[in-house]
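Note that the sequence shown covers residues 10 to 80 in this note's numbering.
The structure under discussion appears below in the form of structure tokens.
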Amino acid sequence: MKVVSVELVADSQLVIKLDNGGGKTESLWGVCTLGELGYDGVEAGAPIRPDERSQAIAYRACKDAVNESLR
């Protein structure tokens with residue numbers, strides 16, 4: 010999986026576009042303040058943890074977004 014883009018759409022909500030290597034792009038989005046993520050428009054509810062690959066991407070993106078907003 011390769012990160013194509015990360016977009017902050019609200020105070021703590023991110024949309025992350027991922028290239029899955031098969032020529033398809035999927036959307037992963039996170040609600041950073043709640044620590045939740047969802048895939049391709051599915052309601053957030055899965056916890057963001059720094060273990061699985063897509064979760065690690067969301068975890069880092071949320072962490073970076075929070076750090077940027079504090080500057």
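Ideal Cβ positions, reconstructed from N, Cα and C, are used throughout, including at glycine.
For residue i, three-class secondary structure by DSSP
| i | result |
| --- | --- |
| residue 28 | strand |
| residue 63 | helix |
Same chain, Cβ closer than 6 Å to residue i, neighbours up to 5 away in sequence not counted
| i | result |
| --- | --- |
| residue 16 | 24 |
Buried/exposed call for residue i, threshold 16 Cβ in 10 Å
| i | result |
| --- | --- |
| residue 48 | exposed |
| residue 67 | buried |
| residue 70 | buried |
| residue 18 | exposed |
| residue 32 | exposed |
| residue 30 | exposed |
Residue i - partner residues in DSSP beta bridges
| i | result |
| --- | --- |
| residue 48 | 37 |
| residue 15 | 25 |
Same chain only: Cβ atoms within 8 Å of residue i, ignoring 5 sequence neighbours per side
| i | result |
| --- | --- |
| residue 54 | 45 and 47 |
Chain-order list of residues whose beta-carbon lies under 7 Å from that of residue i (same chain, five-residue window excluded)
| i | result |
| --- | --- |
| residue 62 | 10 |
| residue 12 | 25, 27 and 66 |
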